[in-house]
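Working notes for the structure below.
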Amino acid sequence: MTSAKPAKTGAVSWLIDHQVINHGVPESLMKAMVEACGEFFNLAEEEKQEFAGKHVLDSLRCGASINGSTDHVFFWRDYLKFFAHPNFHSPSKPTGFREIALDYSTRTRKVAMELVKGISASLGLEEGYIEKALNMELGLQIFISNFFPPCPQPELARGLPPHSDHALLTLLINNGISGFQLQRQGKWVNVNSIPNAFMVIFGDQMEIMSNGKYECAVHRATVNGKATRMSIAMLFGPALETVVGPAPELVDNETNPPAFTAMKYRKYLELQQTNKIIGKCALDRVRILSV
Ligand SMILES: O=C(O)CCC(=O)C(=O)O
Ligand SMILES: [Fe+2]
Numbered sequence: 001m002t003s004a005k006p007a008k009t010g011a012v013s014w015l016i017d018h019q020v021i022n023h024g025v026p027e028s029l030m031k032a033m034v035e036a037c038g039e040f041f042n043l044a045e046e047e048k049q050e051f052a053g054k055h056v057l058d059s060l061r062c063g064a065s066i067n068g069s070t071d072h073v074f075f076w077r078d079y080l081k082f083f084a085h086p087n088f089h090s091p092s093k094p095t096g097f098r099e100i101a102l103d104y105s106t107r108t109r110k111v112a113m114e115l116v117k118g119i120s121a122s123l124g125l126e127e128g129y130i131e132k133a134l135n136m137e138l139g140l141q142i143f144i145s146n147f148f149p150p151c152p153q154p155e156l157a158r159g160l161p162p163h164s165d166h167a168l169l170t171l172l173i174n175n176g177i178s179g180f181q182l183q184r185q186g187k188w189v190n191v192n193s194i195p196n197a198f199m200v201i202f203g204d205q206m207e208i209m210s211n212g213k214y215e216c217a218v219h220r221a222t223v224n225g226k227a228t229r230m231s232i233a234m235l236f237g238p239a240l241e242t243v244v245g246p247a248p249e250l251v252d253n254e255t256n257p258p259a260f261t262a263m264k265y266r267k268y269l270e271l272q273q274t275n276k277i278i279g280k281c282a283l284d285r286v287r288i289l290s291v
């Protein structure tokens, strides 16, 4: 995220802070998706219970907060997560949710794959390189919606703790209420999204695959005392069974030694899940430390 910006690609334009406009996803669909998520969170607790899951590899789950926080910050968040690719799973409620989510998932995937081509080229690789190397035809795509109601003591609570997303990249939108923060040079900066743009967040697999040329973006979400904030993060990753390591083309033993050990994406996700409990970053577990 803090590294050089990928070049402008055919289908999308890059803006500051890695936001994309002219992406071809209708504004009406983005709005409808946020509204449908709002309706989901407003379902009665018993209705949502049906979709409660626990494990990172469950294809559909919802719940409150995140697992295993070890510090004393109080998390103020409901979430809904489901796999949108290679197989589409979605809650069957509220009415119409599934159709909107399918349309949104398909169209955002087109944007992401266009970006992946541009990113490949910007690394000096063939356009189709990343798509092929990460077997993205079977790539995992995860739909995550976050719901942060007004919090009576926002200074004591957090929406989401500092983290990086585990996938290759994330396309993020919200309901216009600010709260997204990026870590830059050790400081937290508010990043307000441009209306109808997607915020592009590089994830762990991007840093691994590019051998550190593109860093993952550490970010968090704050809550506020007045308004309900909602966000939708769509994560695009490799296929679960694909082993991801630094692209051999970007590695040489003199100036660019491999910075990460290769690991199956499925294993990485499981590692990240256990690491959350002990509060450590999964990326550090595959990083090769130079001696
Ligand atoms: O709420 C936000 O803006 C960020 C959401 C996020 O980082 C995530 O779901 O991984
Ligand atoms: Fe995130």
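The sequence shown: position 215 = 215 (the UniProt record's numbering), numbered continuously. Glycine residues also receive a C-beta, built at the ideal position from the N, C-alpha and C atoms.
Just the C-alpha distance for residue i and residue j, rounded to the nearest angstrom, thanks.
i: residue 300; j: I177; result: Coverage of the chain is limited to positions 1 through 291, which leaves residue 300 absent and any answer about it impossible.
i: P94; j: D103; result: 16 angstroms
i: Q181; j: V189; result: 5 angstroms
i: D71; j: D78; result: Low per-residue confidence applies at D71: pLDDT is 48, beneath 50, and the placement is therefore not dependable, though the value from the model is reported in the following sentence. When rounded, the distance between both Cα atoms is 19 angstroms.
i: F51; j: L60; result: 7 angstroms
i: P161; j: K110; result: 29 angstroms
i: E39; j: P238; result: 31 angstroms
i: G179; j: G159; result: 8 angstroms
i: E46; j: E270; result: 29 angstroms
i: E241; j: E137; result: 12 angstroms
i: I100; j: P91; result: 11 angstroms
i: V251; j: I288; result: 13 angstroms
i: K213; j: Q272; result: 22 angstroms
i: C108; j: P258; result: Looking at the sequence shown, residue 108 is not Cys but Thr. When rounded, the distance between both Cα atoms is 32 angstroms.
i: Q205; j: A167; result: 5 angstroms
i: G53; j: N174; result: 24 angstroms
i: S145; j: D58; result: 15 angstroms
i: R285; j: F82; result: 26 angstroms
i: F41; j: V116; result: 32 angstroms
Grouping DSSP H, G and I as helix and E and B as strand, with all else coil, what is residue i?
i: F83; result: strand
i: R77; result: coil
i: T255; result: coil
i: C216; result: coil
i: A64; result: strand
i: S59; result: coil
i: H23; result: coil
i: P161; result: strand
i: A52; result: strand
i: V200; result: strand
i: K93; result: coil
i: L271; result: helix
i: T222; result: coil
i: I194; result: coil
i: A233; result: strand
i: T242; result: coil
i: T108; result: helix
i: F88; result: coil
i: L123; result: coil
i: L168; result: coil
i: L182; result: strand
i: I100; result: helix
i: I130; result: helix
Do the CB positions of residue i and residue j come within less than 7 angstroms of each other?
i: G118; j: D165; result: no
i: V200; j: H23; result: no
i: L169; j: F236; result: yes
i: W76; j: F148; result: yes
i: L172; j: A233; result: yes
i: K48; j: C37; result: no
i: Q183; j: V218; result: yes
i: M230; j: V56; result: no
Look up residue i in the DSSP assignment and give the residues it is bridged to.
i: M209; result: Answer is none; M209 lacks a bridge partner.
i: K31; result: None, per the DSSP bridge assignment.
i: R266; result: DSSP lists no partner for R266.
i: I41; result: As written in the sequence, residue 41 is Phe, which differs from the Ile given in the question. BP columns for F41 are empty, so no partner.
i: R287; result: F260
Are three or more beta carbon pairs between the stretch 139-156 and the stretch 75-93 nearer than 8 angstroms? yes
Three or more C-beta pairs below 8 angstroms linking the stretch 196-212 and the stretch 116-136: yes
At least three beta-carbon pairs within less than 8 angstroms, the stretch 182-198 to the stretch 260-270: no
With a threshold of 8 angstroms, are at least 3 pairs of Cβ atoms found where one atom belongs to the stretch 148-162 and the other to the stretch 223-231? yes
Indicate whether the contact test is met: 3 or more Cβ pairs, each with one atom in the stretch 245-254 and one in the stretch 106-126, closer than 8 angstroms. yes
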